[in-house]
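To start, the structure under review is shown below, and the notes come after it.
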Amino acid sequence: MALKLPIYLDSHSTTPVDPRVLQAMLPYFTEKFGNAASRNHAFGWEAEAAVEAGRGQIAALIHADAKEIVFTSGATESNNLALKGVAAMYREKGDHVITVATEHRAILDTAKRLEKDGLKVTYLPVPADGVVNPDDVRNAITERTILISVMMANNEIGTINPVAEIGKVAKERGVVFHCDATQGVGKIPVDVQAMGIDLMSFSAHKLYGPKGVGVLYVRRRNPRVRLAAQMDGGGHERGMRSGTLPTPLIVGFGEACRIAGEVMPTESVRLAAMRDRLQAGIFKGLDEVYVNGHPTKRLPHNLNISFAYVEGEAMLMGLKDIALSSGSACTSATLEPSYVLRSLGVGSDLAHSSIRFGLGRFNTNEEIDFVIDRVVQAVMKLREMSPLYEMAKEGIDLKSVEWTRD
Amino acid sequence: MAYSEKVVDHYNNPRNVGSLDKSDPSVGTGVVGAPECGDVMKLQIKVNQQGVIEDAKFKTFGCGSAIASSSLATEWLKGKTIDEASQIKNTDIVQELALPPVKIHCSVLAEDAIKAALADVKKKQESLTSPGVAS
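Here it is, written out as structure tokens:
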């Protein structure tokens, strides 16, 4: 069978809506269009019932109570609400926040904003494998600490953090624990009870749901977490997030969570096998390739590799039939290579050479074999063209060369 | 980012990839950039006795625009005299390849590589003709 091109391997960025999810959503755009906040007629009741059903499906996937689900526009908003909401509400208690250098920009930039507002933020470093050490979290806690925010799994390197252990540390010291689980929910088992999570962000579009809807899980007991709303309005979502609920998106989010819970045990095994096939194929075809992040504590669908002596954007240009991401500076607006890889101590040269593969529900082994072939070809072609590869083959130590820098 | 057709063409069919013998006195070599910056260009020219560049080769570690800039540079260098070659400006490369502002540094690097290769060959030839060194 002929492959359909281009092949999508960027599932950390977003995923397509599962056809079952779309089917569930459709009636709520047209005939079932009511506002869930309309308490006085059947249209409103119908929408409210659909929203509550969706809320229940989402809560079930993460072992939460439906009342603890606060809908937002996406994980970025959830992260903003969590950090800013806690900072404002607990300001009397303290002014110190702990997070990690490899967090998503939605956390780091929000933390920077808190610093501008006078709070103190500790950005914990990570070791070379990218896994946050719970002892580092413990040692960073002070009398003034009001929030710990650590992601479940990293969006670039797929490394999974020991969230349950960090949750335990937070509980011991009575500090609110927020977890950005955008990359984890629907991919690996998540249990807010067992993991001791007080606040948790995630979005629908990373798990085959629609774009434009996210959740902030807000714990209601042991402890009851309170948040200052960041937007004024009708007082929806227990006063934490005003705005008319997007019924079709919530229905889709719920269905996506239901499916994820059902297929996760088999899907994660299938994806990990395909990922391992991809890794093995690339390693067989090329020398001097390096996996970034932890070798085993990683999302089943993630592979992040640096291809020495070739630049990431040039690789992507040679792989136009495959949708991928690179940690190269040239693919970002800032002209700086991936700060996540830099935080792991990966040299800038190898950070420029990194490619992130994100597998998904609809990828096949045939696609993976095609990708292996193309990647190996592209790297070989670029290495032929690379002065660094030539120098390395001549035995020149690239670190000893005096480079000219602009 | 969308690339211009010319960048794509140079990327897919790079002209004059390769290396010349850097110990040859008629060969000038310029290596500019740094791996940690994501761009390294090696540009080499072979100059005949009439001062005309009869061959040019490049190898580049960098993005598609960097590869295209150096590939184009080798194309332009061939057949030019040293003086003519020193007139090549990065803005000419930007214009020819329709590079967006974020990629202008690629053209700057290519101009630097040309200058470095020219300086290298000049230095070699001066040392050959200077008294006491000439054989």
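Just so you know, the sequences run in chain order A and B. The C-terminal residue of the first sequence carries number 406 in my numbering, and the numbering is unbroken. The C-terminal residue of the second sequence carries number 1135 in my numbering, and the numbering is unbroken. From the three backbone atoms N, C-alpha and C, an ideal C-beta is built for every residue, glycine too. Just so it is clear, the structure is predicted and the values come from calculations on it, not from any experiment.
Assign residue i to one of three DSSP states: helix, strand, or coil.
| i | result |
| --- | --- |
| GLY1030 of chain B | strand |
| HIS429 of chain A | The displayed coordinates of chain A run from 1 to 406. Any statement about residue 429 of chain A would go beyond what the structure contains. |
| PHE43 of chain A | helix |
| GLN279 of chain A | helix |
| ALA378 of chain A | helix |
| LEU299 of chain A | coil |
| ASN222 of chain A | coil |
| SER1071 of chain B | helix |
| LEU1128 of chain B | helix |
| GLU255 of chain A | helix |
| GLN193 of chain A | coil |
| SER386 of chain A | coil |
| GLU1054 of chain B | strand |
| ALA1117 of chain B | helix |
| LEU124 of chain A | strand |
| ASP287 of chain A | coil |
| GLN1049 of chain B | coil |
| ASP10 of chain A | strand |
| LEU81 of chain A | helix |
| ASN365 of chain A | helix |
| CYS1063 of chain B | coil |
| LEU216 of chain A | strand |
| VAL401 of chain A | coil |
| GLY312 of chain A | helix |
| ILE396 of chain A | coil |
| VAL1017 of chain B | strand |
| ILE157 of chain A | coil |
| SER274 of chain A | The sequence given here places Met at residue 274 of chain A; Ser does not occur at that position. In the structure shown, MET274 of chain A sits in a helix (DSSP, three-state: H, G or I). |
| GLY318 of chain A | helix |
So is residue i buried or exposed if we call it buried at 16+ other beta carbons inside 10 Å?
| i | result |
| --- | --- |
| ILE396 of chain A | exposed |
| THR471 of chain A | Only positions 1 to 406 of chain A appear in this structure, which leaves residue 471 of chain A out of reach. |
| LEU81 of chain A | buried |
| SER149 of chain A | buried |
| GLU68 of chain A | buried |
| GLU394 of chain A | exposed |
| PHE202 of chain A | buried |
| ALA1098 of chain B | exposed |
| THR1081 of chain B | exposed |
| HIS41 of chain A | exposed |
| ALA170 of chain A | buried |
| ASN365 of chain A | exposed |
| THR159 of chain A | buried |
| ARG258 of chain A | buried |
| SER1135 of chain B | Interpretation of SER1135 of chain B is limited by its pLDDT of 44, a score under 50 that renders its predicted location unreliable; the figure taken from the coordinates is listed afterwards. Label assigned to SER1135 of chain B: exposed. |
| GLU92 of chain A | exposed |
| GLY209 of chain A | buried |
| SER1127 of chain B | exposed |
| THR1029 of chain B | buried |
| ASN161 of chain A | buried |
| VAL1102 of chain B | exposed |
Smallest Cα separation from residue i: which of the options?
| i | options | result |
| --- | --- | --- |
| GLN230 of chain A | A:LEU83, A:ILE146, A:ASN304 and A:SER348 | A:LEU83 |
| LEU234 of chain A | A:THR244, A:LEU9 and A:ALA280 | Sequence inspection shows Gly at residue 234 of chain A; the Leu mentioned does not correspond to that position. Ranking A:THR244, A:LEU9 and A:ALA280 by Cα distance to GLY234 of chain A puts A:THR244 first. |
| TRP45 of chain A | A:LYS32, A:GLN57 and A:GLY54 | A:LYS32 |
| THR99 of chain A | A:ALA88, A:GLU92 and A:ALA111 | A:ALA111 |
| TYR90 of chain A | A:LEU114, A:SER348 and A:THR159 | A:LEU114 |
| PHE43 of chain A | A:LEU350, A:PHE307, A:ILE188 and A:GLY34 | A:GLY34 |
| VAL1047 of chain B | B:VAL1040, B:ASP1055 and B:LYS1115 | B:ASP1055 |
| SER338 of chain A | A:GLY347, A:GLY345 and A:ALA351 | A:ALA351 |
| ASP180 of chain A | A:VAL169, A:VAL192, A:GLY174 and A:GLU172 | A:VAL192 |
| PHE1061 of chain B | B:SER1023, B:LYS1022, B:ILE1045 and B:GLY1038 | B:GLY1038 |
| ALA37 of chain A | A:GLY94, A:ILE166 and A:ARG238 | A:ARG238 |
| SER73 of chain A | A:TYR389, A:ALA392 and A:THR247 | A:THR247 |
| VAL1008 of chain B | A:LYS320, A:ASP369 and A:VAL375 | A:LYS320 |
| ALA140 of chain A | A:HIS96, A:ILE107, A:GLY214 and A:VAL176 | A:HIS96 |
| LEU388 of chain A | B:HIS1105, B:GLU1005, B:LYS1059 and B:SER1004 | B:LYS1059 |
| ALA24 of chain A | A:THR122, A:ASP109, A:PRO265 and A:LEU249 | A:LEU249 |
| TYR1011 of chain B | B:LYS1123, B:SER1065, B:VAL1032 and B:VAL1052 | B:SER1065 |
| ALA75 of chain A | A:TYR123, A:VAL86, A:ALA88 and A:GLN183 | A:GLN183 |
| GLY281 of chain A | A:MET151, A:LEU227, A:HIS12 and A:VAL371 | A:VAL371 |
To which residues does DSSP link residue i through a beta bridge?
| i | result |
| --- | --- |
| PHE33 of chain A | Looking at the DSSP assignment, PHE33 of chain A forms no beta bridge with any residue, so it has no partner. |
- Contact between the segment 308-318 of chain A and the segment 118-132 of chain A (3+ Cβ pairs under 8 Å): Judged by Cβ distances under 8 Å, the segment 308-318 of chain A makes no contact with the segment 118-132 of chain A, as fewer than three pairs qualify.
- For the segment 363-380 of chain A, which residues have a CB atom closer than 7 Å to at least one CB atom of chain E, in sequence order? Absent from the structure is chain E; the protein chains it does hold are A and B.
- Below 8 Å, can you find three or more Cβ-Cβ pairs linking the segment 292-312 of chain A to the segment 116-130 of chain A? Two segments are said to touch when three or more pairs of C-beta atoms, one from each, lie closer than 8 Å; by this definition the segment 292-312 of chain A touches the segment 116-130 of chain A.
- the segment 115-123 of chain A contacting the segment 350-358 of chain A, beta-carbon criterion three pairs below 8 Å: no
- Message: With a threshold of 8 Å, are at least 3 pairs of Cβ atoms found where one atom belongs to the segment 1090-1097 of chain B and the other to the segment 1015-1022 of chain B?
- Response: In the pairwise beta carbon analysis, the segment 1090-1097 of chain B is classified as not touching the segment 1015-1022 of chain B: fewer than three pairs are separated by under 8 Å.
- Message: Contact between the segment 1067-1075 of chain B and the segment 1101-1119 of chain B is defined here as three or more beta-carbon pairs at a separation below 8 Å; is this criterion met?
- Response: yes
- So does the segment 3-18 of chain A actually touch the segment 216-228 of chain A, counting three or more Cβ pairs closer than 8 Å? no
- Are the segment 266-283 of chain A and the segment 1024-1031 of chain B touching by the rule of at least three beta carbon pairs closer than 8 Å? Result no; under three Cβ-Cβ pairs closer than 8 Å.
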